[in-house]
Each structure stands twice: as structure tokens, then as C-alpha cells.
Amino acid sequence: DQQVKQNSPSLSVQEGRISILNCDYTNSMFDYFLWYKKYPAEGPTFLISISSIKDKNEDGRFTVFLNKSAKHLSLHIVPSQPGDSAVYFCAASNFGNEKLTFGTGTRLTIIP
Amino acid sequence: ETGVTQTPRHLVMGMTNKKSLKCEQHLGHNAMYWYKQSAKKPLELMFVYNFKEQTENNSVPSRFSPECPNSSHLFLHLHTLQPEDSALYLCASSQQPLGQGSNEQYFGPGTRLTVT
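Chains as they are written, first to last, in the numbering used here: chain A, 1 to 112; chain B, 113 to 228.
See the structure below:
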């Protein structure tokens, strides 16, 4: 039973446009969400996170939105740059049991 | 070296071999983790060590044996593996131990393991 789902295995976006990556979760106990980015031959690197007490967190070109009622979060990248081409993983955890549950990832390709 | 390093980066082994994966973190963190990533599957947590003590074994078969001699080093000893164990094995570390604000984990580059 996959508790964190990334239903789009891949996404292509024109350089300069907005990239929107989506993630859904089923466990209502999750209260902290993270996005990781992974380049080939490297480990995932932490990108941005959001606590369930917020509905938005912004860091430069990256913004994460959380819709708790829909159990949905999204990562917005604007403007998209060629260096953003990577696999993006959504992860979730809950207070007191902070194991990370990961999604399967979305491969983002930025087209120059 | 900085961050989290893993060796070897690639490993091919037969089902009767014994091999070990090594992970080292240079971040002064207190918790270390082993994950497995199979093709088209999410990262699966295997083991967790907090302050060198194993605190989590996520129903991993005994042919995988972890070892944490100190807070900077983590090993995964492999013995009589199966072809379905072929995967990317990732090591990670975090400042705080599991359950104490350890959400942000820092990953190594992984070892690509192929069992023939």
C-alpha cells in the first residue's frame, strides 16, 4: 500500500516556464513533507519542506503548497532552468515517528 | 571528503559471495540509515542507527547485516543474496536521531548492486 504517490513518472517543461510537480498521500497522520531532488549517479538532495501548520513555503524559485483536506502537495519551480532537470521525490513523515515515506519520483526534463 | 560518501559505487556479486557496502558521513550527524531503491519503486527504509545503536529493522532478510562501529561509519554486509536484491543501496544521515526532529536526511550517492 503506497502511502505517498507521485502519479506522473515524467514531466517536460520549456525553459523559463513554471514546472508543477504533484504528490498525493493517504496517511492523515503525516504532518511534515519534503521534496528531494536527484541527479543521475548522485544521492537525493533535500530541496524544500513544509509543516502541516502551513499551506505554503517558499525558497527562491521553489514553492511548496500543501492542501491538507485534499491530502495533496505540489512543488512549483519558476522560472524553470535546465539545471532543474532531475528526478524529484516527495516524502512524508509524522511527529514522533519520523521515518520518511517516499514517493516513486517524477523525472523533470527542462527543454531549452 | 564532505557530506556522505559510499563505496563501492558499483558492485556485481554472485549469489554465494560475501561483500560489504561502506558508508561514511563527514557531517557530525548522530543518526544513519540504509535505504534500498529498486526500479520503479519508492525508497525503502532498511535500517536505522541512532547514536550507533540500531533502532529500526524494517523486516529486512537476515542476508543483509548492518554494522555501525561509530557514529560516522555504517556498513551493510551482504551474504547469499538473490537476484531480486539487485538495486541501488543508499546511505543517509541526519543531525537528530529518528523521532527527535530528524526529518532532513542527507544522502550518499549510493551503491548500484547487481546480483548474478
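Just so it is clear, CB atoms sit at the ideal spot from N, CA and C, and this is done for glycine as well.
Hey, is phenylalanine 219/B's beta-carbon within less than 8 Å of any beta-carbon in chain A? yes
Neighbourhood of serine 8/A by C-beta, 7 Å cutoff - its chain only, sequence neighbours within 5 removed: Asn22 and Thr106
CB contact below 8 Å: leucine 139/A versus chain B: Any question about residue 139/A goes unanswered here, given that chain A covers just 1 to 112.
Tryptophan 146/B to arginine 17/A, Cα distance in whole Å? 37 Å
Can you pull the chain A neighbours of glycine 140/B, defined as C-beta to C-beta under 7 Å? Residues of chain A passing the Cβ test: none, with the nearest at roughly 17 Å.
What residue does the beta strand (DSSP E) around lysine 148/B start on, and which one ends it? 143-149
Glutamate 196/B - DSSP class collapsed to helix/strand/coil: helix
The stretch 116-139 of chain B: positions lying closer than 9 Å to chain A by Cβ: Val116, Gln118 and Arg121
Proximity below 8 Å, CB of leucine 237/B to CB of arginine 175/B: Absent from the structure is residue 237/B, since the part of chain B shown begins at 113 and ends at 228.
Is it right to say glutamine 6/A is buried, meaning 16 or more other beta carbons lie within 10 angstroms of its own, or is it exposed? buried
Return helix, strand or coil for aspartate 84/A, following the three-state DSSP convention. Correct three-state label for aspartate 84/A: helix.
From the beta carbon of glycine 83/A, is the nearest beta carbon of chain B less than 8 Å away? It does not: the Cβ of glycine 83/A has no partner Cβ on chain B nearer than 8 Å.
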